[in-house]
Amino acid sequence: MMRGALRASGLRSYWLRQYACLGDPRARTAAETHVTETLSTLPLPYRAGYALALRLLPAAFFLATGRGLRSASAAEGRRGMQRLAALPGFADVVRSGTALALLGALDGRPAQQPPAPAGASR
């Protein structure tokens, strides 16, 4: 449910234009996984509301800007997200989803994980 909603949202393409660190496919995969797995732990009513907001995000962005989120440049995306912040709930969805994605990208990079203690397995 959450993976499909995230893909439908257009946020992945927005993040790619805003954050160079997500250009690495491993970081991007870790980011998306972190977002979907974290949101999947929410109680059902919150999860359903979040999924609905994600699915409505492209339409809301278009109504606020007259442009599609997936085709907006980095600058157009930032301006559009600022306009979208005026609509109830969307600013929180974008802000929290982006924070989760960046944390997932940071934590999910194998080169940045500390070495496991001797005798421990991952």
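Residue numbers for the sequence shown, in numbering that gives the first Met the number 0: 0 to 121. For every residue, glycine included, the Cβ atom is placed at its ideal position computed from N, Cα and C.
For residue i, collect the residues of the same chain with a Cβ closer than 7 Å to its Cβ; drop the 5 residues on either side in sequence, then sort them by chain order.
i	result
R69	G9 and S12
R2	T35
Among the residues of its own chain, which have a CB less than 8 Å from the CB of residue i, if the five just before and after it don't count?
i	result
R94	none
P109	For P109, the pLDDT reaches just 46, beneath the cut-off of 50, and the residue's location in the model is therefore unreliable, although a value from the coordinates is still provided. Same-chain partners within the cutoff: R25.
A29	G103, A104, D106, G107 and R108
R66	F60, E75 and G79
What are the boundary residues of the alpha helix (DSSP H) that includes residue i?
i	result
Y45	L43 to T64
M144	Residue 144 cannot be examined here, being either before or after the span of the chain that is shown, 0 to 121.
R27	P24 to L38
L21	Unbroken run through L21: none, as it is neither H nor E.
G3	M1 to S8
Below 8 Å between beta carbons: does that hold for residue i and residue j?
i	j	result
A50	M0	yes
A85	R54	no
Q17	A73	yes
Can at least three beta-carbon pairs, one atom from the stretch 32 to 39 and one from the stretch 68 to 88, be found at a separation below 8 Å? no
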